[in-house]
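2 protein chains.
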Amino acid sequence: MNQIDLANSVGIVTPQSFTFAEDEPFQLESGATLSPVTIAYETYGRLNADRSNAILIVHALSGSAHAAGYHSPDDPKPGWWDDCIGPGKAFDTNRFFVICSNVIGSCYGSTGPASINPATGKPYGLNFPVVTIGDMVRAQVRLIDHLGIDQLLCVAGGSMGGMQVLEWAAHHPTRLKAAIALATTAHHSPMQIAFSEVGRQAIYADPNWNNGNYYESGKKPDAGLAVARMVGHITYLSEESMQKKFGRRLQGLERYGYEFQTEFEVESYLKYNGNNFTRRFDANSYLYITKAMDYFDLSKPTGSLAASFANSAHLKYLVISFTSDWLYPSYHSKQLVSALTAVGADVTYVDLQSSWGHDAFLLEVETMTRLIHSFLDRLVREEQVAPPDEGSAVAAAPAAPSGQPAVGVTR
Amino acid sequence: MNQIDLANSVGIVTPQSFTFAEDEPFQLESGATLSPVTIAYETYGRLNADRSNAILIVHALSGSAHAAGYHSPDDPKPGWWDDCIGPGKAFDTNRFFVICSNVIGSCYGSTGPASINPATGKPYGLNFPVVTIGDMVRAQVRLIDHLGIDQLLCVAGGSMGGMQVLEWAAHHPTRLKAAIALATTAHHSPMQIAFSEVGRQAIYADPNWNNGNYYESGKKPDAGLAVARMVGHITYLSEESMQKKFGRRLQGLERYGYEFQTEFEVESYLKYNGNNFTRRFDANSYLYITKAMDYFDLSKPTGSLAASFANSAHLKYLVISFTSDWLYPSYHSKQLVSALTAVGADVTYVDLQSSWGHDAFLLEVETMTRLIHSFLDRLVREEQVAPPDEGSAVAAAPAAPSGQPAVGVTR
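Keeping their order, the protein sequence lines are chains A and B. Residues 1418 to 1828 (the working numbering) are what the first sequence spells out, left to right. Residues 1418 to 1828 (the working numbering) are what the second sequence spells out, left to right.
1. Given this structure, state the Cα-to-Cα distance separating residue 1631 of chain A from residue 1682 of chain A, to the nearest angstrom.
2. Name the chain B residues that come within less than 9 Å of residue 1743 of chain A, Cβ to Cβ?
3. Checking the sheet assignment: what are the DSSP bridge partners for residue 1474 of chain A?
4. Is residue 1658 of chain B near the ligand NAP, going by C-beta to nearest heavy atom under 7 Å?
5. Quick one: using the 10 Å Cβ neighbour count with 16 as the cut-off for buried, is residue 1470 of chain B buried or exposed?
6. Only counting the same chain, and skipping five residues up and downstream in sequence, which positions put a Cβ closer than 6 Å to that of residue 1435 of chain A?
7. Cutting at 7 Å between CB atoms, please list the residues of its own chain near residue 1644 of chain A, excluding the five before and the five after it.
8. Between which two residues does the alpha helix (DSSP H) harbouring residue 1596 of chain B extend?
9. Taking the C-alpha atoms as reference points, what is the distance between residue 1702 of chain B and residue 1629 of chain B?
10. Hey, is the stretch 1741–1758 of chain B in contact with the stretch 1766–1781 of chain B, meaning 3+ C-beta pairs nearer than 8 Å?
11. Given that a residue counts as buried once 16 or more other Cβ atoms are within 10 Å of its Cβ, and exposed if not, what is residue 1824 of chain A?
12. If you pair each beta-carbon of the stretch 1460–1475 of chain A with each one of the stretch 1502–1510 of chain A, do three or more pairs fall below 8 Å?
13. Within the same chain, show all residues whose beta-carbon is closer than 7 Å to that of residue 1541 of chain B, passing over the 5 residues directly before and after it, in chain order.
14. Shorter than 8 Å from the beta carbon of residue 1396 of chain A to some beta carbon of chain B?
15. Let me make sure I understand the geometry here. Which of B:1427, B:1453 and B:1547 has the alpha-carbon closest to that of residue 1376 of chain B?
16. Looking only at C-alpha atoms, which of A:1524, A:1448, A:1437 and A:1579 sits nearest to residue 1779 of chain A?
17. Rank A:1478, A:1424, A:1488 and A:1422 by C-alpha distance to the C-alpha of residue 1398 of chain A and give the top, closest one.
18. If you draw a straight line from the alpha carbon of residue 1713 of chain B to that of residue 1606 of chain B, how long is it in whole angstroms?
19. Apart from the five residues just before and just after residue 1546 of chain B, which ones in its own chain have a Cβ nearer than 7 Å to its Cβ?
20. Going by CA-CA distance only, name the one from B:1755, B:1704 and B:1790 that's closest to residue 1638 of chain B.
21. Run down chain A in chain order and give the residues with a C-beta less than 7 Å from the C-beta of residue 1673 of chain B.
22. At a Cβ threshold of 8 Å, is residue 1801 of chain B touching chain E?
23. What are the start and end residues of the alpha helix (DSSP H) that includes residue 1433 of chain B?
24. So what's residue 1482 of chain A in DSSP terms, helix, strand or just coil?
25. Starting from the Cα of residue 1595 of chain A, find the closest Cα among A:1805, A:1803 and A:1797 and give me that residue.
26. Would residue 1623 of chain A pass as an interface residue toward chain B - the criterion being a Cβ-Cβ separation below 8 Å?
27. What is the rounded straight-line gap between the Cα of residue 1739 of chain A and the Cα of residue 1774 of chain A?
28. Starting from residue 1510 of chain A, follow the beta strand (DSSP E) in both directions and report where the run begins and ends.
29. Where are the beta strand (DSSP E) runs, 3 residues long or more, that stay fully inside the stretch 1643–1690 of chain A, in chain order?
30. Around the Cβ of residue 1574 of chain A, are there at least 16 other Cβ atoms within 10 angstroms (buried) or fewer (exposed)?
31. Within 10 angstroms of the Cβ of residue 1538 of chain A, are there 16 or more other Cβ atoms? Answer buried if so, exposed if not.
32. Less than 8 Å between the beta carbons of residue 1622 of chain A and residue 1635 of chain A, yes or no?
33. Below 8 Å on C-beta distance, what does residue 1780 of chain B contact in chain A?
34. Residue 1651 of chain B touches chain A at which residues, Cβ-Cβ below 8 Å?
35. Might you give, ordered along the chain, the residues of its own chain that have their beta carbon closer than 6 Å to the beta carbon of residue 1554 of chain A, omitting 5 neighbours on each side?
36. Would you mind sorting residue 1846 of chain A into buried or exposed? The rule is 16 or more other CB atoms within 10 Å of its CB.
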């Protein structure tokens, strides 16, 4: 068994889920309606008496609701942002009630293309409607309603998570007090769209994809999905981090083999990660979620980014970019900060020196912890957020100790 | 018919080829022997009496020997570097005898994986031996021998062409006087290897690839090759050039279609170029040539780049990098220039301000023409290179007017 360090962890957590009421169909931006809709989520820490200490964590392309802790005592790995969520960590579960939910369109418990289409009794495949970042966030709003939380203290996330953060701020400004957007953008650039599209083309090119109908064939488009993930992995690193991590080193070889096998360490890394990904992710979800990212363009409805934040100037923002992130380069964050400051918002911005590329938002834990800590400290002080009070459990909201299933919450 | 502007063109050119003598087997770096070996090439302009005005142009990954002029009066497109090769152009065919040959391993007339394996009477496929940049260049040396040229005035090329230029300079320093290396590197970095490998994995993932045996099946791995090319195309552009070229514009649509078709202009561009590529290039050649690039590491034999140029300090070098080229970033050229100047070589280096990314070496024609012109002017003056003399045709060397088949040269 893996020794879990309980002092530094939220411990064992239980996946939860919430299914929207049947009489409230979920209308998508495309005009289509999705029903039923289930949202998978987890919570860490405890809600305080006036429900003012809730923080929503939103995940990136391949993330899940499992952001912290372990699912069982012998779980080999903790949640994807365990470095930042837990007692004393950036998102301190001794002070905050932290929620993380899986986006719709994904394959980790929320409704997505692998879910059963009630019209056919079979998985949706490509009959699943195209969803947007806006749709993902409106589903999260319903979850927050369900948990009995009127206003989140903060929404935080990186990469596609950052897009959701900005969507929350721009379109649901009364439902949160602060936004933390890391390594992200207010609109997908043509280069980001290009990388998405190459990944999708790799999946389409796999005959096992079969126009999205593969759930019952026993043959998944693993080869195509692996190539898509490899392309992605390159964009998450930087030239410098690749140089440090791999250089031109050969994988277990003294000299060139003069054949087409995996020879360089960097090739081995890509292949390993590409193949691994096919064991945990659904190819159709990859299509839907990258499409949602490509559609994301906050300035579209108003014509200007500043105008899109006109009603969101009262929020507090922490924006962090990373100098070596060439997928979501710093200038995207600077454009965002420029728009936010133009409407008079309270913005803390840091362009963090890092060699880790886009992955920095998962790796630069120490500096990020300092920045997030001090941002949240100020927020707690200024908004007079009370610590969680054990005596104040509320029926609709999980108030059990960290990681325990909450009373009254659909599992 | 396409109106060919003869005053600005080398005109109609005829592809030529040279097959190595059978009693001189071609030994590869891997230890394998390749025979027969044919090199496809073209020449433009005329050789002067003392054979001192020859310039070899070396091509990039998907290039061919057809660098300038037209193959027929109704040829829709000229050679790949027609902007720079011709009367009065950067490589002025009124003054120089310009040669361009197709690399071995390619599919444009030189021996490669699609050629017939004499041992089986069928196309080589993966039985073709792995070739290196060094092998490509040693094949070019044989061509130059065949053309009766002892010493080239210059070898010039960009990207993989630049690697061949550096290989010529480092390993055949008595056979050339000057080297022009554009948008290139002295060793493939892990990021460059990673992009190569993703392209190869896309090809391997295509069931039609069939381990390289597809020439007789009637089904080529087009889907995989197209994905490989799309990945390549992203790396040839820059964020800025994509923003200028495409932005977030939709292709013939007013609003999002909320389905998985080609919607953004950048997607349409990638798809078009990916599909087009499959009509002109061989997937196995893509594997072999990217592998040759990945193996390229000039400092490997000596342990230091400067030491590798120890015997090449007497050459003159023009090195050009482009500020927005993130595939072969400027710092690679700076490392090269540092090594060359460390051994005392005569180096002209310019880091050209450009927004076109790696493609700049094909697009920044005006500035490059000025730089190459002045570099070659100085070379002509200092080396006292005579103009071509019509009365001095030599049997083994093509001395016919520009583009005409040369006397005595294997076609």
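Here a beta-carbon is modelled for each residue, glycine too, at the ideal position from N, C-alpha and C. Quick caveat, the model's predicted, so the values are computed rather than measured.
In short, the structure shows the following:
1. Counting from 1 along the first sequence, the entry for residue 1631 of chain A is found at position 214. Counting from 1 along the first sequence, the entry for residue 1682 of chain A is found at position 265. Distance between the alpha carbons of residue 1631 of chain A and residue 1682 of chain A: 33 Å.
2. Residue 1743 of chain A sits at position 326 when you count from the first residue of the first sequence. Within chain B, the residues near residue 1743 of chain A are 1656 and 1743.
3. Residue 1474 of chain A sits at position 57 when you count from the first residue of the first sequence. In DSSP, residue 1474 of chain A forms a bridge with A:1517 and A:1573.
4. Only the bare structure without any ligand can be found here, which leaves the ligand NAP out of the picture.
5. As a first step, residue 1470 of chain B must be located in the second sequence, where it is residue number 53. Classification for residue 1470 of chain B: buried.
6. Start at 1 with the first residue of the first sequence, and residue 1435 of chain A comes out as number 18. If we look at residue 1435 of chain A and ignore the five residues flanking it on each side, its Cβ neighbours are 1456, 1560, 1563 and 1827.
7. Here residue 1644 of chain A refers to the residue found at position 227 of the first sequence. Within the same chain, residue 1644 of chain A has close Cβ partners 1619 and 1691.
8. Position 179 of the second sequence holds residue 1596 of chain B. Looking at the DSSP string, residue 1596 of chain B is not in any alpha helix (DSSP H); the run it does join, the beta strand (DSSP E), is 1593–1599.
9. Along the second sequence, read from residue 1 onward, the residue named residue 1702 of chain B stands at position 285. Along the second sequence, read from residue 1 onward, the residue named residue 1629 of chain B stands at position 212. Spanning the two alpha carbons is a distance of roughly 10 Å.
10. yes
11. Counting from one through the first sequence, the residue named residue 1824 of chain A turns up at place 407. Low confidence applies here, because residue 1824 of chain A scores a pLDDT of 32, under 50, leaving its location unreliable and the question unanswered by this model.
12. yes
13. Within the second sequence, numbered from 1, the residue matching residue 1541 of chain B stands at position 124. Hits under 7 Å: 1530, 1532 and 1534.
14. No answer is possible for residue 1396 of chain A: it lies beyond the span of chain A, which begins at 1418 and ends at 1828.
15. Nothing about residue 1376 of chain B can be read from this structure; chain B reaches only from 1418 to 1828.
16. Here residue 1779 of chain A refers to the residue found at position 362 of the first sequence. Nearest C-alpha to residue 1779 of chain A: A:1579.
17. Chain A is shown from 1418 up to 1828; residue 1398 of chain A falls before or after that span and cannot be answered.
18. Taking the first residue of the second sequence as 1, we reach residue 1713 of chain B at position 296. Taking the first residue of the second sequence as 1, we reach residue 1606 of chain B at position 189. Computed Cα separation, rounded: 9 Å.
19. Position 129 of the second sequence holds residue 1546 of chain B. 1445, 1447, 1449 and 1451.
20. Translated into the one-based positions of the second sequence, residue 1638 of chain B becomes position 221. Out of B:1755, B:1704 and B:1790, B:1704 has the C-alpha closest to the C-alpha of residue 1638 of chain B.
21. Here the question's residue 1673 of chain B lines up with position 256 in the second sequence. Those are 1712, listed as they occur along chain A.
22. Note that chain E does not occur in the displayed structure, where the protein chains are A and B.
23. Position 16 of the second sequence, counting from 1, holds the residue named residue 1433 of chain B. Premise fails: residue 1433 of chain B lies in the beta strand (DSSP E), 1433–1436, not in any alpha helix (DSSP H).
24. Along the first sequence, read from residue 1 onward, the residue named residue 1482 of chain A stands at position 65. Correct three-state label for residue 1482 of chain A: coil.
25. The residue given as residue 1595 of chain A occupies position 178 in the first sequence. The shortest Cα separation from residue 1595 of chain A among A:1805, A:1803 and A:1797 belongs to A:1797.
26. Sequence index remark: in the first sequence, residue 1623 of chain A carries index 206 (1-based). It does; some Cβ of chain B falls within 8 Å.
27. As a working mapping, residue 1739 of chain A is identified with position 322 in the first sequence. As a working mapping, residue 1774 of chain A is identified with position 357 in the first sequence. Roughly 7 Å separates the two Cα atoms.
28. Taking the first sequence and counting its residues from 1, the one referred to as residue 1510 of chain A is at position 93. Taken as a continuous stretch (DSSP letters only), residue 1510 of chain A belongs to no beta strand (DSSP E), as it is neither H nor E.
29. none
30. Within the first sequence, residue 1574 of chain A is the residue found at index 157, counting from 1. By the 10 Å Cβ count, residue 1574 of chain A comes out buried.
31. Residue numbering aside, residue 1538 of chain A sits at position 121 when the first sequence is read from its first letter. By the neighbour-count rule (16 or more Cβ atoms within 10 Å), residue 1538 of chain A is not buried but exposed.
32. Within the first sequence, residue 1622 of chain A is the residue found at index 205, counting from 1. Within the first sequence, residue 1635 of chain A is the residue found at index 218, counting from 1. Against a cut-off of 8 Å, the Cβ pair of residue 1635 of chain A and residue 1622 of chain A comes out as no contact.
33. As a first step, residue 1780 of chain B is located in the second sequence; it is residue number 363 there, counting from the start. Within chain A, no residue comes near residue 1780 of chain B; the closest Cβ sits about 18 Å away, beyond 8 Å.
34. Locating residue 1651 of chain B in the second sequence gives position 234, where the first residue counts as 1. Those within 8 Å of residue 1651 of chain B in chain A are 1608, 1611, 1612 and 1615.
35. The count along the first sequence starts at 1 and reaches residue 1554 of chain A at position 137. Within the same chain, residue 1554 of chain A has close Cβ partners 1581, 1584 and 1585.
36. Residue numbering for chain A in the displayed model covers 1418 to 1828; residue 1846 of chain A lies beyond these limits and cannot be assessed.
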